[in-house]
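Order-wise, the sequence lines are chains A and B. For the first sequence, the residue numbers in the numbering used here are 1 to 359. For the second sequence, the residue numbers in the numbering used here are 360 to 620. Where is the CB? At the ideal position from N, CA and C, for every residue including glycine. Structure record follows, encoded as structure tokens.
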Amino acid sequence: MTPDTTDSDGTAGAFDADTDVPDRIADQFENIRRTRRRRALGWLGLFAFLAFATLQAFAATELLNPDARLGTFTDSLTGFFPITSYFGVVPFLDLGQYVAFIRQENLLYDPEIGGLLFQFPPNPTDVYAFFFRELGIFQIFGEAGITLAMGFVGTVLGFPVALVFGTLGSERVTPFPFNFLFRGTMSFIRAVPAIIWTLIFIPFLGLGPSSAAIAIAFDTIGNLGRLFVDELEEIEDGPIEAMETTGASKPQVVFFGMLSQVRTAFIAWTLYIFEINVRIGVTVGVIGAGGLGYVLASQQNLLRFTNMMATLLAIFFLIISVELFSQRLRSRLRSDEVQMGIWELITGFPRRMAESMLK
Amino acid sequence: MTYIEVDGLSKRFGDTVALDDVSFAVPDGEFVIVLGVSGSGKSTLLRALSGLLSPTDGEIAIAGESMVGPRPEVAMIFQQHNIIGDMTAYSNSLSGGVHRSGFLSSVLQLQDDAEKHRALDALDTVGLLDEAEQKARSMSGGQQQRIGIARALVQQPNVLLADEPVASLDPGSAQSVMGYLRTASEDRGLTTFCSLHQVNIARKFGHRFIGLRDGEKVFDGYRDDLTIEVIDDIYGDIDTEGMFVRDDGDADAPTDEVATS
Numbered sequence: 001m002t003p004d005t006t007d008s009d010g011t012a013g014a015f016d017a018d019t020d021v022p023d024r025i026a027d028q029f030e031n032i033r034r035t036r037r038r039r040a041l042g043w044l045g046l047f048a049f050l051a052f053a054t055l056q057a058f059a060a061t062e063l064l065n066p067d068a069r070l071g072t073f074t075d076s077l078t079g080f081f082p083i084t085s086y087f088g089v090v091p092f093l094d095l096g097q098y099v100a101f102i103r104q105e106n107l108l109y110d111p112e113i114g115g116l117l118f119q120f121p122p123n124p125t126d127v128y129a130f131f132f133r134e135l136g137i138f139q140i141f142g143e144a145g146i147t148l149a150m151g152f153v154g155t156v157l158g159f160p161v162a163l164v165f166g167t168l169g170s171e172r173v174t175p176f177p178f179n180f181l182f183r184g185t186m187s188f189i190r191a192v193p194a195i196i197w198t199l200i201f202i203p204f205l206g207l208g209p210s211s212a213a214i215a216i217a218f219d220t221i222g223n224l225g226r227l228f229v230d231e232l233e234e235i236e237d238g239p240i241e242a243m244e245t246t247g248a249s250k251p252q253v254v255f256f257g258m259l260s261q262v263r264t265a266f267i268a269w270t271l272y273i274f275e276i277n278v279r280i281g282v283t284v285g286v287i288g289a290g291g292l293g294y295v296l297a298s299q300q301n302l303l304r305f306t307n308m309m310a311t312l313l314a315i316f317f318l319i320i321s322v323e324l325f326s327q328r329l330r331s332r333l334r335s336d337e338v339q340m341g342i343w344e345l346i347t348g349f350p351r352r353m354a355e356s357m358l359k
Numbered sequence: 360m361t362y363i364e365v366d367g368l369s370k371r372f373g374d375t376v377a378l379d380d381v382s383f384a385v386p387d388g389e390f391v392i393v394l395g396v397s398g399s400g401k402s403t404l405l406r407a408l409s410g411l412l413s414p415t416d417g418e419i420a421i422a423g424e425s426m427v428g429p430r431p432e433v434a435m436i437f438q439q440h441n442i443i444g445d446m447t448a449y450s451n452s453l454s455g456g457v458h459r460s461g462f463l464s465s466v467l468q469l470q471d472d473a474e475k476h477r478a479l480d481a482l483d484t485v486g487l488l489d490e491a492e493q494k495a496r497s498m499s500g501g502q503q504q505r506i507g508i509a510r511a512l513v514q515q516p517n518v519l520l521a522d523e524p525v526a527s528l529d530p531g532s533a534q535s536v537m538g539y540l541r542t543a544s545e546d547r548g549l550t551t552f553c554s555l556h557q558v559n560i561a562r563k564f565g566h567r568f569i570g571l572r573d574g575e576k577v578f579d580g581y582r583d584d585l586t587i588e589v590i591d592d593i594y595g596d597i598d599t600e601g602m603f604v605r606d607d608g609d610a611d612a613p614t615d616e617v618a619t620s
């Protein structure tokens, strides 16, 4: 049998190892091997470069020669996680210390304000005072309430401006070069982190929750507005054309044809930004703007690690609650099911929780 | 009296000729059906009539006034309904009349009672009065298309354009939507243009027919002139058997079939 390069008789698998392989196949095999080898070299080069760059970055961040103090860190860990013996024998985390600090500093609940609401029998004057004189529905949650309120105010104040900027920043509303006036403004706002905006507003409102709230509102304009612009890119032309044929004015076409298509998406994005804003509320608190972040920073200055951990737990609790609430609400909005009333959302929570845990 | 006059209308998209020198005149109150295969220029013709597209050549005049952009007196119904799914049937219907109110009053739905009654009356015309408060998205395709008709009626147009209004509907819904369309245009004396590709429905509901093929007008006439040969000409060399129902009394009395559901 002579080697046949055309190999048309269909006897595949009939070649002996090296000798009988037709040239065409050998060429292609060699071709593939060369390509593979080149590609492997390319990857190797890339990894080598990445490793080299990482080394340089380590040097810049002083990680090559760190001032590590493992002993101090281990000491702090016993501060973060104090141990006590339960029933005199079982050693376990001393949760009592956390609870004590959370109560002492009113991290999650302010009894002075809450006392107006929760008393038996209920006192109408005090209830009135709670809602209308003390304006207590955020303050009842103590320091967590302040952080929550910062995120809330920031979202509420930022939303309308974000809506206007986001809409006008869309190319479908404002013709090309002019929409960059709005997109550019939002980019500029985004380029500056919320914590820096707080520093900028300190001369205006002083170091406290008020400048933090305004800073978060600014941050919201940049971030939420950007999400709005992106969402508006996705809409369909149909309803817009339909509104044009009714003879509607330009603002009416924008509202009925465009914004009504993205209404639920906008609400969902706003809730998402609210979640983020509460987290920013913690961060800006650290530089002194109040709330849980401020408590955390001051306990850190005093090296009271147990108290720091207690504050962290309070932060964790706040953020998780906000996220749970917002995510449930968002998934309700996005689904086409009949929307759940807010009352059922709250009262039905334990049941739904139990149901989903059983699944 | 001539109400719509189309003269030498041409529309090109790059090298593609969508409409080629189409001319016709339609008197007030006629129900015109535009026939043709997909890509024959039906949609382009209707979109040009609505003012959404500006013609490459030629002119469209409605009530003696040249169409240069959308006008409130020319309403359009779309194949994909193009109603707003997030709003109720009533709000959608009401949105047809926003050109009569300012921005804030239309957004906050602060129109006067007459306007709101008009929106409900239009929903009644298309048989959806009881469903007025339902979200449009949750309704069936046929119902959504009827909301589209209601919105067009609230606009109080003189001309109603319908671009394949029943193309995405099942035969039953298609019949009822066409019925409502026909009733509405007769009751309100509207000049109506409706593009269709179902010949049987076309024959049942139309007065006058305009046939397009490759962007050219190949037929313009009334029911009696619409013979098998004409259909063959419009649709090319396809098997038209069964698409075409000979006059059997039923087709002579189209209004009997209208709006029964």
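Check: Nearest to S545 of chain B by CA position, among B:F437, B:S527, B:D489 and B:G565, is which residue?
Finding: For the purposes of this step, residue 545 of chain B is identified with residue 186 of the second sequence, where counting begins at 1. Note on identity: in this sequence residue 545 of chain B is Glu, with Ser being the wrong assignment. Shortest Cα-Cα distance from E545 of chain B to any of B:F437, B:S527, B:D489 and B:G565 involves B:G565.
Notebook entry, point to check: Based on the DSSP output, what are the partners of T375 of chain B in its beta bridges?
Noted result: As a working note, residue 375 of chain B is residue 16 in the second sequence. DSSP, once it has assigned bridges, lists B:F372 as partnering T375 of chain B.
Notebook entry, point to check: Within 6 Å: the Cβ of T147 of chain A and any heavy atom of the ligand ADP?
Noted result: The model on display carries no ligand, and the ligand ADP is accordingly not part of it.
Notebook entry, point to check: To which residues does DSSP link I363 of chain B through a beta bridge?
Noted result: Walking along the second sequence from the start, residue 363 of chain B turns up at place 4. DSSP lists B:V385 and B:I421 as partners of I363 of chain B.
Note to self: Can you check whether the C-beta of E244 of chain A is within less than 7 Å of a C-beta belonging to chain B?
What the structure shows: Translated into the one-based positions of the first sequence, residue 244 of chain A becomes position 244. So yes, E244 of chain A belongs to the interface.
Notebook entry, point to check: Taking one C-beta from the stretch 211–219 of chain A and one from the stretch 189–203 of chain A each time, how about it: are there three or more such pairs within less than 8 Å?
Noted result: Yes: the two stretches touch, three or more of their Cβ pairs being nearer than 8 Å.
Notebook entry, point to check: Under 7 Å between C-beta atoms, does P303 of chain B make it to chain A?
Noted result: Coverage of chain B is limited to positions 360 through 620, which leaves residue 303 of chain B absent and any answer about it impossible.
Notebook entry, point to check: Under the three-state reduction of DSSP, which class applies to P91 of chain A: helix, strand or coil?
Noted result: One-based indexing of the first sequence puts residue 91 of chain A at position 91. Looking at P91 of chain A - three-state DSSP - the assignment turns out to be strand.
Check: With a cut-off of 7 Å, does the C-beta of D374 of chain B fall near any C-beta of chain A?
Finding: For the purposes of this step, residue 374 of chain B is taken as residue 15 along the second sequence, with counting starting at 1. For D374 of chain B, the nearest beta carbon of chain A is not closer than 7 Å to its own beta carbon.
Margin query: Does the CB of N517 of chain B have a neighbour CB from chain A at under 7 Å?
Written below: Counting from 1 along the second sequence, the entry for residue 517 of chain B is found at position 158. Taking Cβ atoms only, chain A never reaches closer than 7 Å to N517 of chain B, which makes this a no.
Next item on the list: Would you mind telling me which residues of chain B sit closer than 8 Å to S170 of chain A, beta carbon to beta carbon, in chain order?
Entry: As a position in the first sequence, residue 170 of chain A is number 170, starting the count at 1. For S170 of chain A, there are no C-beta contacts with chain B under 8 Å, since the nearest C-beta of that chain is about 18 Å from it.
Note to self: With DSSP as the reference, identify every bridge partner of G570 of chain B, one or two as the case may be.
What the structure shows: The residue you call residue 570 of chain B lines up with position 211 of the second sequence. Answer is B:L394 and B:F578, bridged to G570 of chain B.
Next item on the list: On the DSSP bridge assignment, give the partners of I636 of chain B in chain order.
Entry: No answer is possible for residue 636 of chain B: the residues shown for chain B start at 360 and end at 620.
Notebook entry, point to check: Is the distance from the Cβ of G444 of chain B to the Cβ of R496 of chain B below 7 Å?
Noted result: In the second sequence, counting from the first residue as 1, residue 444 of chain B sits at position 85. In the second sequence, counting from the first residue as 1, residue 496 of chain B sits at position 137. The answer is yes: Cβ separation under 7 Å.
Checklist line | chain A contact residues for L411 of chain B, given Cβ-Cβ distances below 9 Å | finding: For this step, residue 411 of chain B is matched to residue 52 along the second sequence. Near L411 of chain B (Cβ distances below 9 Å), the residues of chain A are E241, E244 and T245.
Note to self: If you follow the beta strand (DSSP E) that F552 of chain B is in, where does it begin and where does it stop?
What the structure shows: Translated into the one-based positions of the second sequence, residue 552 of chain B becomes position 193. Counting along the chain, F552 of chain B sits inside the beta strand (DSSP E) bounded by residues T550 to L555.
Notebook entry, point to check: Do the stretch 554–561 of chain B and the stretch 384–400 of chain B touch if we need at least three Cβ pairs shorter than 8 Å?
Noted result: The stretch 554–561 of chain B is in contact with the stretch 384–400 of chain B.
Check: Taking Cβ positions only, does T6 of chain A come closer than 7 Å to chain B?
Finding: Translated into positions along the first sequence, residue 6 of chain A becomes position 6. In this prediction, T6 of chain A has a pLDDT of 49, which is less than 50 and means its spatial position is unreliable; what the coordinates show is noted afterwards. Cβ-Cβ to chain B under 7 Å: no for T6 of chain A.
Next item on the list: Could you work out which residues of chain B lie near A251 of chain A, taking near to mean beta carbons separated by less than 7 Å?
Entry: Position 251 of the first sequence holds residue 251 of chain A. Reading off the sequence shown, one finds Pro at residue 251 of chain A, where the question assumed Ala. Among the residues of chain B, those whose CB is under 7 Å from the CB of P251 of chain A are F462, following chain order.
Item checked: Stretch pair the stretch 266–275 of chain A + the stretch 130–146 of chain A: three plus CB contacts closer than 8 Å -> Judged by pairs of C-beta atoms under 8 Å, the stretch 266–275 of chain A does not touch the stretch 130–146 of chain A, as fewer than three such pairs exist.
Next item on the list: Count the C-beta pairs between the stretch 176–192 of chain A and the stretch 296–314 of chain A that are closer than 8 Å, then say yes if the count reaches three, no if not.
Entry: Contact fails: fewer than three Cβ-Cβ distances are below 8 Å.
Checklist line | When B:A448, B:A473 and B:Y449 are compared against S460 of chain B, the one with the closest alpha-carbon | finding: Residue 460 of chain B sits at position 101 when you count from the first residue of the second sequence. That would be B:A473, whose Cα lies nearest to the Cα of S460 of chain B.
Check: For I320 of chain A, which three-state DSSP category applies?
Finding: If you number the first sequence from 1, residue 320 of chain A lands on position 320. If DSSP states are grouped into helix, strand and coil, I320 of chain A belongs with the helices.
Checklist line | Proximity test, Cβ basis, 7 Å: Q503 of chain B and chain C | finding: Given the protein chain composition of this structure (A and B), no chain C is represented.
Check: Listing by chain order, which chain A residues have their CB less than 9 Å from the CB of H458 of chain B?
Finding: Residue 458 of chain B sits at position 99 when you count from the first residue of the second sequence. Residues of chain A passing the Cβ test: T246, G247, A248, S249 and Q252.
Check: For A60 of chain A, does the count of other Cβ atoms within 10 angstroms reach 16, so buried, or fall short, so exposed?
Finding: Looking up residue 60 of chain A in the first sequence gives position 60. Its Cβ having fewer than 16 others within 10 Å, A60 of chain A is exposed.
Item checked: Neighbouring residues, chain A, relative to D522 of chain B (Cβ below 7 Å) -> Sequence index remark: in the second sequence, residue 522 of chain B carries index 163 (1-based). Per Cβ cutoff of 7 Å: no residues; D522 of chain B is ~10 Å from chain A at best.
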